[in-house]
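Just so we're aligned, residue 131 is where the sequence shown starts under our numbering, counting upward by one. Here a beta-carbon is modelled for each residue, glycine too, at the ideal position from N, C-alpha and C.
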Amino acid sequence: MSASEACSRLGIEHAIVQGPFGGGLSTVSLAAAVSNLGGLGSYGAFQLSPERIEHVARELGAATRAPYAINLWVSDHDDGGLVPAADVLERAWRVFEPYFSELGLARPEFPERFVAHRYEAQVEALLESRPPVFSFVFGIPSTRVLAECRRRGIVTLGAATSIDEALAIEAAGVDLVVATGSEAGGHRPSFLARAEDALMGTFALAQLVAARVRIPVVVAGGIVDRRGVRAAHALGAGAVQVGTAFLACEESGATPAHRAALFDARAQRTTLTRAFTGRLARGLRNRWTDEFAQRHTELAPFPVTSWFSAQLKSAAQRDGRTDLVSLWSGQAAPNLVHRDAASLMHELIAGVAPASESRTAPQVAGA
Numbered sequence: 131m132s133a134s135e136a137c138s139r140l141g142i143e144h145a146i147v148q149g150p151f152g153g154g155l156s157t158v159s160l161a162a163a164v165s166n167l168g169g170l171g172s173y174g175a176f177q178l179s180p181e182r183i184e185h186v187a188r189e190l191g192a193a194t195r196a197p198y199a200i201n202l203w204v205s206d207h208d209d210g211g212l213v214p215a216a217d218v219l220e221r222a223w224r225v226f227e228p229y230f231s232e233l234g235l236a237r238p239e240f241p242e243r244f245v246a247h248r249y250e251a252q253v254e255a256l257l258e259s260r261p262p263v264f265s266f267v268f269g270i271p272s273t274r275v276l277a278e279c280r281r282r283g284i285v286t287l288g289a290a291t292s293i294d295e296a297l298a299i300e301a302a303g304v305d306l307v308v309a310t311g312s313e314a315g316g317h318r319p320s321f322l323a324r325a326e327d328a329l330m331g332t333f334a335l336a337q338l339v340a341a342r343v344r345i346p347v348v349v350a351g352g353i354v355d356r357r358g359v360r361a362a363h364a365l366g367a368g369a370v371q372v373g374t375a376f377l378a379c380e381e382s383g384a385t386p387a388h389r390a391a392l393f394d395a396r397a398q399r400t401t402l403t404r405a406f407t408g409r410l411a412r413g414l415r416n417r418w419t420d421e422f423a424q425r426h427t428e429l430a431p432f433p434v435t436s437w438f439s440a441q442l443k444s445a446a447q448r449d450g451r452t453d454l455v456s457l458w459s460g461q462a463a464p465n466l467v468h469r470d471a472a473s474l475m476h477e478l479i480a481g482v483a484p485a486s487e488s489r490t491a492p493q494v495a496g497a
């Protein structure tokens, strides 16, 4: 699928999508900067209340006249994570208690609900807000939601970590699919199999998906410069999604310590871990990931583990403890150069081939 088709569907000038970030890492200023430069800026809203989603949409609409995306997690909890049993919480507390003590924190009071804002309410707020693009991970929205998106003129963009997931997204009537390779930073958004069983690299996944679906394919994972953009288009991408390189920009919500880590030697060592949220995600190795490497079976399901680590996060960041917080990063971070959205966008745009040069992936028999 050509870059012109992907751009046409998304309503953008350049076939570049900024990856959405959760956990306070997304900002209106970053998303608007990318959109104003001709790409698709994105805002990760899975932790926001419905009211806050509507507010962010208004802020984005005021900051850019160009298309932007709001991203949600279709699956907001894993089995046992919505209303965890008392013994599950006690076991989780024993796992985290030493870290609370180390940071001088008392035992927290457990909330009545560990999922503060349900997806069902969030997506209704998104539909009312009518963002130009609704991107989503960890599943596929219902037939009703997708029909409402079409009725309201909202373009849909779903993430896949395997061929089967990409085919399911296409069959559901989603407009574009993001084929995200295992090199990518942040969470692995698998939904048809365990994330550990869907770790195909970008090089293989991109060309396999592009040969089997007829909707535009956005390729993600390990892309930080014009070389990655060109490689993705050669493999059949209609557009690229770039996460870590935008996370490293000054406009993102990453802490200065996180951004600094992405530009130093630590960026050479990433790992896949469930230790921060209970769901598999790629970030820089640190003491936390190393100590939990052999203890993953002790972790509570998402979002219980995420809630416990969030209680530690503020104190750890206050003390400059990057050894105890998540530092999401993809595997190509050691090649990062640009520290602001404008310079990064200019670099990425240089890798986008003119529409006349874009390659169309061959279709496999029966696809």
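The Cβ-Cβ distance between residue 376 and residue 471 falls below 8 Å. For residue 324, the secondary structure class from DSSP, reduced to helix, strand or coil, is coil. DSSP links residue 200 through a beta bridge to 173, 264. In this structure, residue 164 and residue 434 do not form a Cβ contact; the two beta carbons are roughly 34 Å apart against a cut-off of 8 Å. Here residue 436 is actually not in contact with residue 481; their C-beta atoms are around 35 Å apart, not less than 8 Å. Nearest neighbour of residue 254 by Cα position, chosen from 246, 240, 368, 274, turns out to be 274. When the beta-carbon positions are compared, residue 312 and residue 351 come within less than 8 Å of each other. In the structure shown, the three-state DSSP call for residue 441 is helix. Between the alpha carbons of residue 224 and residue 231 lies a gap of roughly 11 Å.
Contact annotation: residue 412 and residue 316 have beta-carbon atoms nearer than 8 Å.
Inter-residue distance for residue 154 and residue 161 is about 13 Å (C-alpha atoms, whole angstroms). When C-beta atoms of the segment 421-430 are compared with those of the segment 351-363, fewer than three pairs fall below 8 Å, so the two segments do not count as touching.
Residue 401 has 413 as its beta-bridge partners, per DSSP. In the three-state DSSP reduction, residue 371 falls in the strand class (E or B). Remark: three or more beta-carbon pairs, one from each stretch, lie closer than 8 Å, so the segment 295-304 and the segment 265-280 are flagged as touching.
Judged by their CB atoms, residue 366 and residue 340 are nearer to each other than the 8 Å cut-off.
Secondary structure in the segment 139-188: the alpha helix (DSSP H) runs of 4 residues or longer, each lying completely within the stretch, are 158-166 in chain order.
Secondary-structure assignment with DSSP links residue 287 through a beta bridge to 265, 306. In the structure shown, residue 391 falls within a helical segment according to DSSP collapsed to helix, strand and coil.
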